[in-house]
Amino acid sequence: MLKNLLITLFLLSLFTASLSSSSSVSNKKSAKVLPHDAVSILSFKSTSDLNNNLHFPVNNRSTNHCQWVGVKCAQGRVVRFVIEGFNLGGYFGFNTLTRLDQLRVLSLRNNSLSGPIPDLSGLVNLKSLFLHHNSFSGVFPPSILSLHRLRTLDLSYNNLSGLIPPKITGLDRLYYLRLEWNHFNGSVPPLNQSSLQIFNVSGNNLAGPIPITAALSRFHSSSFSWNPGLCGEMLNKDCHSNAPFFRSSPIAPEPSGNDQSQQLSGLLLPSSSFSHKHKKPILIIGVSIAALVFLGTILVFLLGIKRRSKQRVSVSSPPELVNYPNDDGVIMRVEEDNHILQTKVKEMQKIQLGKSGSLIFCAGENQVYSLEQLMRASAEMLGRGSIGTTYKAVLDNQLIVTVKRLDVVKTSKASKEMFEHHMESVGVLRHPNLVPLRAYFQAKDEKLLIYDYQPNGSLFSLIHGSRSTRSKPLHWTSCLKIAEDVAQGLSYVHQASRLLHGNLKSSNVLLGADFEACLTDYCLSVLADSLDDQDSAGYKAPEIRNAGSQPTTKSDVYAFGILLLELLTGKPALNLYHLPTDLQNWVGAEREFEGGDENRLWMLLELATACSKTSPEQRPSMWQVIKMIQEIKENVVREDSESMNPTNRFP
1 MLKNLLITLF LLSLFTASLS SSSSVSNKKS AKVLPHDAVS ILSFKSTSDL
51 NNNLHFPVNN RSTNHCQWVG VKCAQGRVVR FVIEGFNLGG YFGFNTLTRL
101 DQLRVLSLRN NSLSGPIPDL SGLVNLKSLF LHHNSFSGVF PPSILSLHRL
151 RTLDLSYNNL SGLIPPKITG LDRLYYLRLE WNHFNGSVPP LNQSSLQIFN
201 VSGNNLAGPI PITAALSRFH SSSFSWNPGL CGEMLNKDCH SNAPFFRSSP
251 IAPEPSGNDQ SQQLSGLLLP SSSFSHKHKK PILIIGVSIA ALVFLGTILV
301 FLLGIKRRSK QRVSVSSPPE LVNYPNDDGV IMRVEEDNHI LQTKVKEMQK
351 IQLGKSGSLI FCAGENQVYS LEQLMRASAE MLGRGSIGTT YKAVLDNQLI
401 VTVKRLDVVK TSKASKEMFE HHMESVGVLR HPNLVPLRAY FQAKDEKLLI
451 YDYQPNGSLF SLIHGSRSTR SKPLHWTSCL KIAEDVAQGL SYVHQASRLL
501 HGNLKSSNVL LGADFEACLT DYCLSVLADS LDDQDSAGYK APEIRNAGSQ
551 PTTKSDVYAF GILLLELLTG KPALNLYHLP TDLQNWVGAE REFEGGDENR
601 LWMLLELATA CSKTSPEQRP SMWQVIKMIQ EIKENVVRED SESMNPTNRF
651 P
C-alpha cells in the first residue's frame with residue numbers, strides 16, 4: 001500500500017513538472033520580441049532625443065513600429081524615416097538607423113543634432129538623405145560615397161569642414177546636391193553627372209578655379225557665391241584678380257521688374273537656372289548660307305524646347321513600380337520620394353521678394369547704396385556668431401560696410417511683421433558707443449543687417465590676441481576706458497529704448513576709429529529661439545542658464561561684470577563660468593602691478609563683483625554702474641597730484 005502511494009506521488013510530481021515546463025515554454029513563445037527595425041529606431045531615440053520629444057509607444061501585445069511618427073514601411077520593413085523640426089538635441093548614434101538596410105528616405109532636417117555623421121554604409125538602398133539645418137561637425141562622411149543609389153543629398157547649414165571628396169563624382173545618380181553654409185575648404189570637385197540638376201556649395205571656404213564641366217556649367221554663379229577664394233569663367237572672375245564676392249558677376253545696369261527678381265536670386269536663394277553661353281560670331285557670306293544658318297538655328301531652337309519639355313514631364317511624372325534587388329521581393333512605389341524631391345526643388349526655385357525687394361534704411365538714413373551694389377560687393381567672412389554670419393563688404397564706390405546674415409533656423413520664430421517692427425525700433429538707436437544699424441533686408445528665407453564697419457577689430461581679439469600670442473591683461477586705464485564705453489552704450493539701450501542687449505560678450509564689442517568701444521549685435525536675442533553657443537555660455541547669468549529662460553536687463557548687467565573680469569584677468573569668459581570665492585587673490589595672481597595701480601584695480605574688481613552677483617536683485621542697474629565708474633575716476637584724480645595718465649588709447 002505504501003509502495004503504491006509513493007509511486008503515485010512520484011508520477012504526480014513528474015506530471016506537475018511537465019506542465020510547469022510546458023507553461024514556461026509557452027510563455028516564452030508568447031513574449032513579444034521587438035522587430036529588428038524597431039530596435040534600431042529606439043536606439044536612435046536614446047542618443048538623439050535628449051528632450052524626449054519623440055513618442056514611440058512600445059506595447060508587448062501590439063507594438064507596431066510602422067505606425068510610429070515619421071515611419072513608413074513596406075511589408076513590415078522601414079523604408080522611410082522622416083523626423084523634421086523635433087528639436088532633437090543629441091547626436092546621431094552609430095549602429096542605430098544605419099541598420100535599416102531597406103531605408104529609401106532619411107530626413108532629420110531642422111533639428112539640433114551635433115557631433116559627426118556616423119557610418120552610413122549600411123543604408124545600401126538609400127536614395128534621399130536630408131540632414132540640413134543641424135549642427136553636425138567633422139568631415140564629409142566618406143561612407144556616403146558608397147551609397148550608389150543616392151539621388152538626393154543635403155548636408156547644408158551644418159558645421160562640416162575639410163575637403164569635399166573628389167570621389168563624390170562617382171555617385172552617378174545624383175540629382176540634388178546641397179553643401180552650402182558649412183566650413184568646407186579645398187577645391188570644387190569636377191562633378192559631371194548628367195543627372196545633376198540642383199547644386200549649391202555657397203557659403204564655404206572653397207578656393208581655386210571652378211572646374212569647367214558640362215554639369216557645373218549649367219548652374220548660376222549663386223551656386224558658388226560666398227566663397228572668397230573661388231574664381232573662374234563661371235564667376236566671370238579671373239583667378240589672379242579680386243572679383244566681387246557677394247554677387248560674382250560683372251557689373252550690369254540697374255535691372256527692373258522681373259529682371260531684378262532674377263538678379264536678386266543670386267544672393268538670396270539657390271538656383272538651378274542654366275547659364276547661357278554666347279556663341280562666337282560667325283561671318284556669313286552669301287544669302288544662301290545665311291538662310292541655311294537661319295533655318296538651322298530655328299530647328300535647333302525647336303529641338304531644345306522639345307527636349308526641355310520632355311525633361312519637365314519626366315521630373316513631374318511619378319515613376320513606375322520599382323523592384324529593388326536584394327530586398328526579398330519587396331515592391332514599393334516611390335512617389336513619396338519624388339514628392340519630397342519636387343518640394344525641395346520648388347523651395348529652391350521659388351523667389352518671393354514682395355515689397356521687401358530692396359534695402360530698408362533706418363532712421364531716415366540716406367540711401368547711399370542699393371541692394372544691387374551690395375550684392376556685387378567683394379567681401380570676406382569675419383566670423384560666425386550665435387545667430388548669424390558676419391561679412392566685411394567693399395562696395396563698388398569703395399564704401400565699406402558690415403553685413404550680418406541672420407541664421408534662418410535660429411531666427412525662425414520672428415515673423416516677417418515682427419522682424420520689420422523690431423528692426424524699426426532698433427534702427428533708430430544712435431549713440432557713440434553703439435555700432436549703428438543703417439539698413440536691413442528681408443525676403444523669403446533671408447534676413448540681412450547692415451552696420452558701419454569698425455576698423456580695429458573686436459575686444460575679444462584685443463584681449464586674447466591671435467592663436468600664436470598669449471593672452472595678456474590690459475592696463476587698468478584701458479580697462480577703465482572700455483568699461484565706461486560699454487556701460488554708456490548698454491545704459492542707453494536700457495533707458496532710451498527699454499530694450500536690452502541680450503548677448504553681450506567681448507566679440508560683440510568692436511573698436512572704432514579712435515579705439516572707442518562700441519556694442520554690436522544688440523537687441524537681436526528677441527529674434528532667436530536660443531543663444532546656446534559656447535562663446536556666450538560664460539556670460540550667461542545663473543537665472544537664464546535653463547532652457548527657455550529669457551534675458552533681462554539684469555542679465556545684461558551680469559554679462560557686463562563677466563566682461564570686466566575678462567578685461568582684468570585676460571581669461572576667456574568660459575573660464576569665468578564658476579567664479580572663485582576669493583576674487584582678489586585670484587585676479588592678483590594674474591597681474592603685475594606698478595605703483596598705485598593695485599588699489600585702482602581693486603576698485604574695478606569691486607565693480608565687477610557687484611555686477612556678477614548670483615541674485616539679480618543684488619546687482620546694480622547700468623546707470624548705477626556708470627555712477628560707480630565716475631566715482632572711481634574721481635578717486636583716481638584725488639589720489640594723483642597730476643592729471644590721469646592720458647593713455648586713453650590701447651597699448
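Counted the way UniProt numbering counts, the sequence shown spans residues 1 to 651.
Ideal placement from N, C-alpha and C gives every residue a C-beta, glycine not left out.
Residue from the options with nearest C-alpha to residue i
{"i": "W68", "options": "L524, Q373, A38", "result": "A38"}
{"i": "T525", "options": "N158, N503, L448", "result": "Checking the sequence, you will find Ser at residue 525 rather than Thr. For S525, the nearest C-alpha among the options comes from N503."}
{"i": "G115", "options": "V435, A487, L399, N159", "result": "N159"}
{"i": "R104", "options": "P228, L126, E84", "result": "L126"}
{"i": "S135", "options": "N182, Q618, F94", "result": "N182"}
{"i": "L406", "options": "K444, N635, T553", "result": "K444"}
{"i": "V401", "options": "G388, E446, L374", "result": "L374"}
{"i": "P118", "options": "V139, L564, H132", "result": "V139"}
{"i": "H555", "options": "L564, G364, F184, C611", "result": "For the record, residue 555 in the displayed sequence is Ser; it is not His. Out of L564, G364, F184, C611, C611 has the C-alpha closest to the C-alpha of S555."}
{"i": "G457", "options": "Y391, R151, S217", "result": "Y391"}
{"i": "T614", "options": "M622, R545, W623, L574", "result": "R545"}
{"i": "I482", "options": "F460, H501, Q495", "result": "F460"}
{"i": "L399", "options": "L519, Y453, G489, N236", "result": "Y453"}
Sequence-distant residues of its chain with Cβ nearer than 8 angstroms to residue i (five each side left out)
{"i": "I632", "result": "L480, R600, M603, L604, L607"}
{"i": "S137", "result": "S114, G115, P116, N158, N159, L160, S161"}
{"i": "V188", "result": "I164, V201, L206, G208, I210, P211, L216, F224, L230"}
{"i": "P620", "result": "V557, A610, C611, M628"}
{"i": "H65", "result": "L34, P35, D37, A38, I41, F56, V71, C73, V78"}
Chain-order list of residues whose beta-carbon lies under 6 angstroms from that of residue i (same chain, five-residue window excluded)
{"i": "L359", "result": "L371, A439, F441"}
{"i": "V625", "result": "A487"}
{"i": "L499", "result": "V493, C523"}
{"i": "K413", "result": "D529"}
{"i": "F219", "result": "F199"}
Proximity below 9 angstroms, CB of residue i to CB of residue j
{"i": "N200", "j": "L174", "result": "no"}
{"i": "L129", "j": "G90", "result": "no"}
{"i": "A541", "j": "P551", "result": "yes"}
{"i": "L147", "j": "L171", "result": "yes"}
{"i": "E84", "j": "S107", "result": "yes"}
{"i": "G385", "j": "D529", "result": "no"}
{"i": "F81", "j": "G70", "result": "yes"}
{"i": "D154", "j": "L123", "result": "no"}
{"i": "P616", "j": "Y539", "result": "no"}
{"i": "T169", "j": "Q193", "result": "yes"}
{"i": "T434", "j": "K404", "result": "Position check: residue 434 holds Leu in this sequence, whereas Thr was assumed. No."}
DSSP-derived helix/strand/coil call for residue i
{"i": "L604", "result": "helix"}
{"i": "P551", "result": "coil"}
{"i": "residue 656", "result": "The requested residue 656 is not part of the displayed model; the chain covers only 1 to 651."}
{"i": "L174", "result": "coil"}
{"i": "P436", "result": "coil"}
{"i": "L160", "result": "strand"}
{"i": "K237", "result": "strand"}
{"i": "C523", "result": "coil"}
{"i": "A207", "result": "strand"}
{"i": "L196", "result": "coil"}
{"i": "S146", "result": "helix"}
{"i": "A38", "result": "helix"}
{"i": "I400", "result": "strand"}
{"i": "L353", "result": "Its pLDDT being 31, under 50, L353 is placed unreliably in this model, and the coordinates cannot settle the point."}
{"i": "L191", "result": "coil"}
{"i": "S137", "result": "strand"}
Counterpart residues of residue i in DSSP-defined beta bridges
{"i": "V78", "result": "C73"}
{"i": "S128", "result": "V105, T152"}
{"i": "R405", "result": "T389, L448"}
{"i": "Y91", "result": "S114"}
{"i": "I360", "result": "Y440"}
{"i": "S491", "result": "For S491, which the question treats as bridged, DSSP gives no partner whatsoever."}
{"i": "H183", "result": "S161"}
{"i": "A517", "result": "L511"}
{"i": "S612", "result": "According to DSSP, which records beta bridges pairwise, S612 is partnered with nothing at all."}
Cβ shell of residue i (< 7 angstroms), same chain only, five flanking positions each side left out
{"i": "P455", "result": "A513"}
{"i": "E484", "result": "I629"}
{"i": "F361", "result": "Q367, R438, A439"}
{"i": "G203", "result": "E180, W181, W226"}
{"i": "S112", "result": "N87, L88, G89, N134, S135"}
{"i": "S143", "result": "D119, L120, S121"}
Near the ligand GDP: residue i beta-carbon under 8 angstroms from a heavy atom
{"i": "K444", "result": "Looking for the ligand GDP in the displayed structure turns up nothing, as the structure carries no ligands at all."}
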